[in-house]
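Respectively, the protein sequence lines represent chains A and B. 1 is the number of the first residue of the first sequence in this note's numbering; add one for each residue after it. 410 is the number of the first residue of the second sequence in this note's numbering; add one for each residue after it. Every residue gets a Cβ at the ideal spot worked out from N, C-alpha and C, and that includes glycine. Below you'll find the structure, written out as structure tokens, and then a few comments.
2 protein chains.
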Amino acid sequence: MIRINENFQRLQGSYLFSEVAKRTKDYQLRHPDMKVIRLGIGDVTQPLAQSVIDGLSKGVSDMGRIETFQGYRSDEGYEFLREAIRQMDFVSRGVDIALDEIFITSGAKEDTANFQELFAGDIKIAIPDPVYPVYVDSNVMAGRSGKFVDGRYEKFIYMDTRAENGFTPDIPKEPVDLIYLCFPNNPTGQVATKEQLKRWVEYAEKNKAVILYDAAYEAFIRDPEIPHSIFEIDGAKQVAAEFRSLSKTAGFTGTRCGYTIIPKEAEAYDADGKPVSLNALWNRRQNTKFNGVAYPIQKGAYEVFTAKGRAECNTIIDYYLENARIIGDGLKALGISYSGGTNSPYIWLKTPGNLTSWEFFDKLLFGIQVVGTPGSGFGKCGEGYFRLTSFGKKEEVIEAVERIKSLKL
Amino acid sequence: MIRINENFQRLQGSYLFSEVAKRTKDYQLRHPDMKVIRLGIGDVTQPLAQSVIDGLSKGVSDMGRIETFQGYRSDEGYEFLREAIRQMDFVSRGVDIALDEIFITSGAKEDTANFQELFAGDIKIAIPDPVYPVYVDSNVMAGRSGKFVDGRYEKFIYMDTRAENGFTPDIPKEPVDLIYLCFPNNPTGQVATKEQLKRWVEYAEKNKAVILYDAAYEAFIRDPEIPHSIFEIDGAKQVAAEFRSLSKTAGFTGTRCGYTIIPKEAEAYDADGKPVSLNALWNRRQNTKFNGVAYPIQKGAYEVFTAKGRAECNTIIDYYLENARIIGDGLKALGISYSGGTNSPYIWLKTPGNLTSWEFFDKLLFGIQVVGTPGSGFGKCGEGYFRLTSFGKKEEVIEAVERIKSLKL
Numbered sequence: 001m002i003r004i005n006e007n008f009q010r011l012q013g014s015y016l017f018s019e020v021a022k023r024t025k026d027y028q029l030r031h032p033d034m035k036v037i038r039l040g041i042g043d044v045t046q047p048l049a050q051s052v053i054d055g056l057s058k059g060v061s062d063m064g065r066i067e068t069f070q071g072y073r074s075d076e077g078y079e080f081l082r083e084a085i086r087q088m089d090f091v092s093r094g095v096d097i098a099l100d101e102i103f104i105t106s107g108a109k110e111d112t113a114n115f116q117e118l119f120a121g122d123i124k125i126a127i128p129d130p131v132y133p134v135y136v137d138s139n140v141m142a143g144r145s146g147k148f149v150d151g152r153y154e155k156f157i158y159m160d161t162r163a164e165n166g167f168t169p170d171i172p173k174e175p176v177d178l179i180y181l182c183f184p185n186n187p188t189g190q191v192a193t194k195e196q197l198k199r200w201v202e203y204a205e206k207n208k209a210v211i212l213y214d215a216a217y218e219a220f221i222r223d224p225e226i227p228h229s230i231f232e233i234d235g236a237k238q239v240a241a242e243f244r245s246l247s248k249t250a251g252f253t254g255t256r257c258g259y260t261i262i263p264k265e266a267e268a269y270d271a272d273g274k275p276v277s278l279n280a281l282w283n284r285r286q287n288t289k290f291n292g293v294a295y296p297i298q299k300g301a302y303e304v305f306t307a308k309g310r311a312e313c314n315t316i317i318d319y320y321l322e323n324a325r326i327i328g329d330g331l332k333a334l335g336i337s338y339s340g341g342t343n344s345p346y347i348w349l350k351t352p353g354n355l356t357s358w359e360f361f362d363k364l365l366f367g368i369q370v371v372g373t374p375g376s377g378f379g380k381c382g383e384g385y386f387r388l389t390s391f392g393k394k395e396e397v398i399e400a401v402e403r404i405k406s407l408k409l
Numbered sequence: 410m411i412r413i414n415e416n417f418q419r420l421q422g423s424y425l426f427s428e429v430a431k432r433t434k435d436y437q438l439r440h441p442d443m444k445v446i447r448l449g450i451g452d453v454t455q456p457l458a459q460s461v462i463d464g465l466s467k468g469v470s471d472m473g474r475i476e477t478f479q480g481y482r483s484d485e486g487y488e489f490l491r492e493a494i495r496q497m498d499f500v501s502r503g504v505d506i507a508l509d510e511i512f513i514t515s516g517a518k519e520d521t522a523n524f525q526e527l528f529a530g531d532i533k534i535a536i537p538d539p540v541y542p543v544y545v546d547s548n549v550m551a552g553r554s555g556k557f558v559d560g561r562y563e564k565f566i567y568m569d570t571r572a573e574n575g576f577t578p579d580i581p582k583e584p585v586d587l588i589y590l591c592f593p594n595n596p597t598g599q600v601a602t603k604e605q606l607k608r609w610v611e612y613a614e615k616n617k618a619v620i621l622y623d624a625a626y627e628a629f630i631r632d633p634e635i636p637h638s639i640f641e642i643d644g645a646k647q648v649a650a651e652f653r654s655l656s657k658t659a660g661f662t663g664t665r666c667g668y669t670i671i672p673k674e675a676e677a678y679d680a681d682g683k684p685v686s687l688n689a690l691w692n693r694r695q696n697t698k699f700n701g702v703a704y705p706i707q708k709g710a711y712e713v714f715t716a717k718g719r720a721e722c723n724t725i726i727d728y729y730l731e732n733a734r735i736i737g738d739g740l741k742a743l744g745i746s747y748s749g750g751t752n753s754p755y756i757w758l759k760t761p762g763n764l765t766s767w768e769f770f771d772k773l774l775f776g777i778q779v780v781g782t783p784g785s786g787f788g789k790c791g792e793g794y795f796r797l798t799s800f801g802k803k804e805e806v807i808e809a810v811e812r813i814k815s816l817k818l
């Protein structure tokens, strides 16, 4: 008799964004005439930049001719793309990353979910609360969670991020093994300074821990003092892997491409305490379970790392940052406190009137047909909070803000 | 101190195809003037069909306009593609599969590697020998293998497939939990009859086992009596999941799209023996760890399931089947015995002169600059065998056969 992975039964409800999508769809089916504005799931609305379209088209065209047709290639991605990433994202910021430390993938969701496979089943996981649910659920599936008791898994170390600590996790008091960090943060919209990251790197060095650094939103950073990569911090290469995505940088949510940086210096340890290269482990993992990103997609992605393509993408990001400003100004006018909204696409707001997150979700959906994401879906500390995203169309964002102002709060 | 997943250390050498690619590259670097013919890794050489190129182009164009731009969509894939698959692959063969039993993915390598995540860590795995290495390695990484002793992992049940049983695995004598089957088979090129599959389904029913049915090469079946899907067998929906790929069906090795069928009737069991839906578990797995296939790729894939696109793809498959015939005829003329080559893109030959698989690999590479895949890389029973693929260019296949004939064997 074949038995299931019972860890799946410890997962709480359905995946957050599936649940939000389902409730929204149900409402829309019952009220087909109502115009719902979606600021919930962090999905972009602007089309791809023209340079990216041109790159994709070139890639497609190459697939139609025998001289330029592309079949299986190295799982880690084409060199033309990795070299462009190396130059634009790292060398230009004074960070030296080698080509074989860059892995092109289908996106940061997949990679941040898969990275935990490299580690033992009983390592101690430190996860911020609130947090992107993938970090939690992938570790639950892998059996690292223990039971779910009183809103939390017993074996995880939760790093509370609340108003009191500026919605940025504090360093754990005990030793942990794998630390999940995301800056600019999803969902709180906070960024980390070099000083803050330096303390994390020092903590990881001291405890022989590894940092999973999710930098999916780095393209939204406009403040020159804020680091885009954890590898801008000395010593980080020994203790961190960085996950990046074109989903928000270049509108690739439906085009799917990300990249993961695993330095050759990064290490974990076998049972005898002997260091093992994470780069080698990840390479073997990818060789065995992944077959690379479609060639046309990589051709399109390449354009994001040209001067012209990046300028076009930045124009789109500026558009979203303007949306964030509009939402933030609207909330300020209503006296609703929030975090994020600058250097970040996310606005993390305190629900008015002490509503629970799902109560506020229902109030917005049923009352004014605006969809956001309930903060409680990101963790216990998210209860009473709500996430809005700036990825909508500007006219809809303006309308959503007007509708929120019309609510009796 | 963060510890690694020590199961990775039980993996044997590097991933087979990476090793073949590495040795070939090393040779080519040392002998840049030599023309190497690659019949090793199963990579196609013909460009994508025109309909597919048109579909991809339409998809790219849609991404450049705000009215047609596509962002996140359901992880399981667009309905237009799933409906087309349902009709062409299943309804047309008298098999009723629902839309929500079809999951669009990046390919069968990823899916067959990931499927084992749904099951307990100590289930008993039955794997043919020789076999596609991904089935083995993904289970080793998951800790199901035990030690590697004398060429085999102690906890796996190996199903020897040799000349004596027609290179088709026999049903195990003991109960097992998860059975890996692949027809047309990689690497032996054998197909399974309905009668044979019926016995597997009965075995699985009796033992409450699940069959992972890899049908990545079904498009090469030309004999009308041979089933394309395990779901053509009564009762299979309760005990099987089927994995398909456009890599060989439509030349998508570098375009990346596959699909997995998990019927709602398919079940595994919790510790109390209560049945749990595999469809629901896979859905949750995909929701959490996967974000869908790029929209332009799905638009291209759709064309494979139109009458026009399929006809174009079949012309390409006929081209490869002709290559297989040429290789087979050449081997026959040399008195080399082999399996496969009809209804299949693979030729599995007995190495002449009792050479080991890698000795024959070196003899072909160094002697006549032809690259194949050493049978021993697929398992212990593959020692003394060698896999050639029919995915080359016809003129190169002819030349490779002439070169093989010139060898002193």
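- With fewer than three CB-CB distances shorter than 8 Å, the segment 620 to 631 of chain B does not count as touching the segment 563 to 577 of chain B.
- Residue burial is scored here from C-beta neighbours: B:F699 has at least 16 other C-beta atoms within 10 angstroms and is therefore classed as buried.
- A:Y27 is outside the set of residues whose beta carbon lies under 7 Å from a beta carbon in chain B.
- Against chain A, a Cβ distance below 8 Å from B:E526 picks out N5 and M141.
- Pairing B:V780 with A:Y78, the inter-Cα distance amounts to about 23 Å.
- A Cβ-Cβ contact shorter than 7 Å links A:A240 with A:I230.
- Residues of the segment 367 to 395 of chain A with a C-beta atom less than 9 Å from some C-beta of chain B are F391 and K393, listed in chain order.
- B:F489 carries a helical assignment under DSSP once its states are collapsed to helix, strand and coil.
- In terms of beta-carbon proximity, B:K698 lines the interface with chain A, with at least one pair separated by less than 7 Å.
- Counted as a single uninterrupted DSSP element, the stretch harbouring B:F769 is not any beta strand (DSSP E) but the alpha helix (DSSP H) occupying residues S766 to D771.
- Here DSSP, grouped into helix, strand and coil, assigns B:L743 to helix.
- For B:M497, the closest Cβ of chain A is not nearer than 7 Å.
- Taking the C-beta atoms as reference points, B:L425 is found no nearer than 7 Å to B:G784.
- Judged by their CB atoms, B:P539 and B:G737 are not nearer to each other than the 7 Å cut-off.
- At least one beta carbon of chain B lies nearer than 7 Å to the beta carbon of A:V44.
- Taking a contact to require three or more Cβ pairs closer than 8 Å, the segment 722 to 733 of chain B and the segment 747 to 761 of chain B qualify as touching.
- DSSP assignment within the segment 609 to 664 of chain B yields the following whole alpha helix (DSSP H) runs of 4 residues or more, N-terminal first: 645 to 648 and 655 to 658.
- Not a single C-beta of chain B is nearer than 7 Å to the C-beta of A:F220.
- Taking a C-beta distance under 7 Å as the contact criterion, A:M1 and B:K434 do not qualify as a contact pair.
- With contacts defined by Cβ atoms closer than 7 Å, A:Y213 and A:E242 form a contacting pair.
- The straight-line gap separating the alpha-carbon atoms of B:E563 and A:Y135 is approximately 33 Å.
- Put simply, of A:L407, A:V397 and A:E359 the residue whose alpha carbon is nearest the alpha carbon of A:I368 is A:L407.
- When the five nearest sequence neighbours on each side are left out, the beta carbons in the same chain lying within less than 7 Å of the beta carbon of B:L690 are those of L527, in order along the chain.
- By the neighbour-count definition (other C-beta atoms within 10 Å, threshold 16), A:G273 is an exposed residue.
- In the DSSP assignment, A:P128 falls within the unbroken beta strand (DSSP E) covering I125 to D129.
- Between the C-alpha atoms of B:S515 and A:G335 there is a straight-line separation of about 46 Å.
- Identification of residues in the segment 243 to 255 of chain A having a C-beta nearer than 7 Å to some C-beta of chain B yields T253, G254 and T255, given in sequence order.
- A residue is called buried once 16 or more other Cβ atoms fall within 10 Å of its Cβ, and A:P32, having fewer, is exposed.
- Below the 8 Å Cβ cutoff, chain B contributes G663 and R665 as neighbours of A:G292, in chain order.
- Annotation: Cβ neighbours of A:L178 in chain B (cutoff 8 Å, chain order): I411.
- In this structure, B:T760 sits away from B:F770, with a CB-CB distance that is not shorter than 7 Å.
- A distance below 7 Å separates the beta carbons of A:I102 and A:I261.
- Contact between B:Y711 and B:L490 holds, with the beta-carbon distance rounding to 5 Å and staying under 8 Å.
- Of the candidates A:I316, A:K332, A:Y259 and A:T315, the residue whose Cα lies closest to the Cα of A:Q298 is A:Y259.
- Where B:M568 is concerned, the enclosing beta strand (DSSP E) starts and stops at I566 to D569.
- By a beta-carbon distance limit of 8 Å, A:P172 contacts A:A126. Their separation comes to about 5 Å.
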